[in-house]
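Visitor: Handing you this structure, nothing more for now.
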Amino acid sequence: MELIPVYLAFILILAIFLGFELISKVPATLHTPLMSGANAISGITIVGALLAAGAGGPSGLATLLGSAAVFFATVNVVGGYLVTDRMLGLFKKKTDDAP
Amino acid sequence: MSALLVNLAYIVAAVMFIFGLRMLGSPATARSGNALSSGGMLIAIVVTLLSKGIVEFHWIAVAAAAGALVGALASRLVAMTAMPEMVALFNGSGGIASLLVAWAALFGASPGVGGVTTFTAVTVFLSIMIGGVTFSGSLVAWAKLAEVMPSGAIVFVGQRVINAALLGGLVLGGVLFALLPAPDSPLFYAILGLAVLLGVMAVIPIGGADMPVVISLLNSYSGLAACAAGFAINNNILIVSGSLVGAAGIILTNIMCKAMNRSLTNVLFSGFGAVKTVTKVEGDVKPIVAEDAYLILEAASAVTFVPGYGMAVAQAQHVVRELGEILEANGCEVSYAIHPVAGRMPGHMNVLLAEANVPYDQLVESDDINPRMPNVDVAVVIGANDVVNPAARDDDASPIYGMPIVNVDHARTVFVLKRSMASGFAGVDNPLFFGTNTRMLFGDAKASISALISEFK
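Line by line, the protein sequences are chains A and B. Just so you know, our numbering puts the end of the first sequence at 99, numbered straight through with nothing missing. Just so you know, our numbering puts the end of the second sequence at 1457, numbered straight through with nothing missing.
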């Protein structure tokens, strides 16, 4: 039981290093889509929100907080991915024939 | 679905996020990368809904439907010029969601354990703190970008002392909370209030042109908040995804700071507005009218446009593209020099020009265009100021000294499109305007460019 926090911290550290490696060289053109695409991923908190809202525990307040979290996280996820896609659809290369 | 299957599916989702982020790093694969990442999100959501932990779907359905509707409408309807505001609001909604998740975790979301453990208390505190700061900080950033409140730096005497006291109070509250974790106590609400207040206080001293740093930093925080919430509810996928986003945001923040030759602490704690100009530039400005500017452009064989926030304000990106195409048809080589902090968020100018159908391979970064600048016949500066200020290079007394700039003054001729002679955001006089090869084209950027276009016709 006491080891769980350590394992979680282990995952955290590795993921941070992975993140730095993944994004160290991104062309300036993609800075905004990268930011909004990453922001959509931070909407992963929706998983926690669903668990809180659907737990059906005795506390009505927990359900209320969870549901509010589901709302905001869904705005973040849906809006974030769609707006990133919309932006990326605008980027064109000169040689492209697409309209 | 068993916990084992759920966690295996989370691994798949995490891998999809990782590849998605990687593909976002190249223009050719970015769109499919985003789609891949959204697929990972869908998997994570579906398996969570199928897990044993969820027994009641009523409220989830209502909240998710409302959220999806708001998110979809917002993403469709927002104008590309308003993208910084939109990103700020999405950051804020991520922050508040993580805050609420952690709050709910205090109420036996993991039943069976007697009370709240110290570990949970600490992680809930961190989620509330980071989530609260992200939420209110993003709202202030939005208000500044949308000019609901003054976009300049708001500084007052004792600001740092107050902010330090706020942070200190928050940490003290966190320690007390870890010792005596209670979900419904005055202490808890005090922490909540302090976190939200800290977010407001942290962003108000940061002014308009520093917004790219703040937006990317808040982006990082929104990931860290999800990560902290993951610790609070012992959930791997939140920790992995949240820290990926946190790292991405930090890297972007760092790029923005380097582009201004300032440290993060300097951006966060000292309003640019407070800086007094040391060197006063004197000289004559040489205005030019559209007819004469047309003659020079007509004869030019290499033209570089240097856009800034003024182009976004004037919504001039479409006419700029039109002028660029006319020049190309005239046998001229056209490029667009983009400074990393031009505009109000990272990549702001790139998005606007993409919207106007400018191919991204015509966009060049300042490091690439500067060596070629002496061969550029005309550099057209559109609503940019500090990022083309030669004082950053030549005048070591200047507050922006050391900031890498686009060396437009090295071009044969410089046109500066400007409303008036007001100085830029940094409040620094710009010697560029008094240069011997500089011509000022006064007026609204969109109207000026349109006038040039009609000269060509």
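Note that CB positions come from ideal geometry on N, CA and C, so glycine has one too.
So if I threshold CB-CB distances at 7 Å, which residues from the stretch 1042-1056 of chain B count as touching chain A?
Guide: Answer set for the stretch 1042-1056 of chain B: A1044, I1045, T1048, L1049, G1053, I1054, V1055 and E1056.
Visitor: Does the stretch 1187-1200 of chain B touch the stretch 1329-1340 of chain B, meaning 3 or more C-beta pairs lie closer than 8 Å?
Guide: Result no; under three Cβ-Cβ pairs closer than 8 Å.
Visitor: Which residues, in order along the stretch 1336-1368 of chain B, keep a beta-carbon less than 8 Å from a beta-carbon of chain A?
Guide: Correct list: I1338, P1340, M1345, P1346, G1347, H1348, N1350, V1351, A1354, E1355, N1357, P1359, Y1360, D1361, Q1362, L1363 and E1365.
Visitor: Along the chain, where does the alpha helix (DSSP H) containing B/S1138 start, and where does it finish?
Guide: Start at 1 with the first residue of the second sequence, and residue 1138 of chain B comes out as number 138. Run containing B/S1138: T1118 to L1145, per the alpha helix (DSSP H) assignment.
Visitor: When you compare only the Cα positions, how much space is there between B/S1220 and A/L12?
Guide: As a first step, residue 1220 of chain B must be located in the second sequence, where it is residue number 220. As a first step, residue 12 of chain A must be located in the first sequence, where it is residue number 12. Near 14 Å, if we compare the C-alpha coordinates of A/L12 and B/S1220.
Visitor: So is A/V6 in contact with chain B if we call contact Cβ pairs under 7 Å?
Guide: Taking the first residue of the first sequence as position 1, residue 6 of chain A is located at position 6. No, A/V6 lies away from the interface with chain B (no Cβ there is under 7 Å from its Cβ).
Visitor: Taking Cβ positions only, does A/L88 come closer than 7 Å to chain B?
Guide: Residue mapping note: residue 88 of chain A aligns to position 88 of the first sequence, counting from 1. So yes, A/L88 belongs to the interface.
Visitor: Our contact map puts A/L30 next to B/L1024 with C-beta atoms below 8 Å; I'd like the distance itself, whole angstroms only.
Guide: Numbered from its first residue, the first sequence carries residue 30 of chain A at position 30. Numbered from its first residue, the second sequence carries residue 1024 of chain B at position 24. Rounded, the Cβ-Cβ distance is 6 Å, consistent with contact.
Visitor: Using the C-alpha atoms, what's the distance from B/F1119 back to A/V6?
Guide: Here residue 6 of chain A refers to the residue found at position 6 of the first sequence. Here residue 1119 of chain B refers to the residue found at position 119 of the second sequence. Between A/V6 and B/F1119, the C-alpha separation is close to 11 Å.
Visitor: Near B/P1181, what residues of its chain come up, given a Cβ to Cβ distance below 6 Å and the 5 sequence neighbours on each side ignored?
Guide: As a position in the second sequence, residue 1181 of chain B is number 181, starting the count at 1. The answer, listed in chain order, is V1116 and A1121.
Visitor: Taking three-plus beta-carbon pairs below 8 Å as touching, is the stretch 1248-1267 of chain B in contact with the stretch 1288-1295 of chain B?
Guide: No, the stretch 1248-1267 of chain B is not in contact with the stretch 1288-1295 of chain B.
Visitor: Take A/L3 as the anchor and find which of B/F1269, B/N1234, B/A1411 and B/A1312 has the nearest alpha-carbon.
Guide: Start at 1 with the first residue of the first sequence, and residue 3 of chain A comes out as number 3. Among B/F1269, B/N1234, B/A1411 and B/A1312, the Cα nearest to that of A/L3 belongs to B/N1234.
Visitor: Please report the distance separating the alpha-carbon of B/A1102 from that of B/I1128.
Guide: One-based indexing of the second sequence puts residue 1102 of chain B at position 102. One-based indexing of the second sequence puts residue 1128 of chain B at position 128. Taking the straight line joining both Cα atoms gives about 7 Å.
Visitor: Measure the C-alpha to C-alpha separation of A/A53 and B/A1356 and round it to an integer number of angstroms.
Guide: Looking up residue 53 of chain A in the first sequence gives position 53. Looking up residue 1356 of chain B in the second sequence gives position 356. Spanning the two alpha carbons is a distance of roughly 43 Å.
Visitor: For B/V1306 and B/I1382, I'd like the C-alpha separation in whole angstroms.
Guide: If you number the second sequence from 1, residue 1306 of chain B lands on position 306. If you number the second sequence from 1, residue 1382 of chain B lands on position 382. Cα-Cα distance, rounded: 6 Å.
Visitor: Could you check if A/K92 belongs to the surroundings of the ligand FAD, using beta carbon to heavy atom distance under 6 Å?
Guide: The ligand FAD is absent from the structure shown, which contains no ligands of any kind.
Visitor: Do you know offhand how far B/L1353's Cα is from B/I1405's?
Guide: Position 353 of the second sequence, counting from 1, holds the residue named residue 1353 of chain B. Position 405 of the second sequence, counting from 1, holds the residue named residue 1405 of chain B. Those two C-alpha atoms are separated by around 20 Å.
Visitor: If you draw a straight line from the C-alpha of B/L1090 to the C-alpha of B/V1140, how long is it?
Guide: Reading the second sequence from its first residue, position 90 is the one you call residue 1090 of chain B. Reading the second sequence from its first residue, position 140 is the one you call residue 1140 of chain B. A small correction: the amino acid at residue 1090 of chain B is Phe; Leu does not occupy that position in the sequence shown. Approximately 13 Å, taken between the alpha carbons.
Visitor: Are B/A1104 and A/G66 close, meaning C-beta to C-beta below 7 Å?
Guide: For the purposes of this step, residue 1104 of chain B is identified with residue 104 of the second sequence, where counting begins at 1. For the purposes of this step, residue 66 of chain A is identified with residue 66 of the first sequence, where counting begins at 1. Yes, these two residues count as a Cβ contact at 7 Å.
Visitor: Between which two residues does the beta strand (DSSP E) holding B/I1453 run?
Guide: The sequence position of residue 1453 of chain B within the second sequence is 453, counting from 1. Taken as a continuous stretch (DSSP letters only), B/I1453 belongs to no beta strand (DSSP E), being part of the alpha helix (DSSP H) at A1445 to F1456.
Visitor: Can you pull the chain B residues whose beta carbon is under 9 Å from the beta carbon of A/L3, in chain order?
Guide: As a working note, residue 3 of chain A is residue 3 in the first sequence. Near A/L3 there are no residues of chain B at all, since even the closest Cβ is about 11 Å away, more than 9 Å.
Visitor: B/M1260 touches chain A at which residues, Cβ-Cβ below 7 Å?
Guide: Start at 1 with the first residue of the second sequence, and residue 1260 of chain B comes out as number 260. Simply none; closest approach about 14 Å.
Visitor: Please determine, among B/M1373, B/V1213 and B/V1087, the residue with the shortest C-alpha to C-alpha distance to A/V75.
Guide: The residue given as residue 75 of chain A occupies position 75 in the first sequence. A/V75 has its Cα closest to that of B/V1087, out of B/M1373, B/V1213 and B/V1087.
Visitor: Using 7 Å as the limit for Cβ to Cβ distance, is A/F20 near chain B?
Guide: Looking up residue 20 of chain A in the first sequence gives position 20. Closer than 7 Å: yes.
Visitor: Should B/L1297 and B/V1378 be called a contact, given that it needs their Cβ atoms to be closer than 7 Å?
Guide: Taking the first residue of the second sequence as position 1, residue 1297 of chain B is located at position 297. Taking the first residue of the second sequence as position 1, residue 1378 of chain B is located at position 378. Yes, they are a contact pair.
Visitor: At 4 residues or longer, and completely inside the stretch 1207-1292 of chain B: list those alpha helix (DSSP H) runs for me, N to C.
Guide: As far as the stretch 1207-1292 of chain B is concerned, its whole alpha helix (DSSP H) runs of at least 4 residues are 1211-1232, 1236-1259 and 1264-1269.
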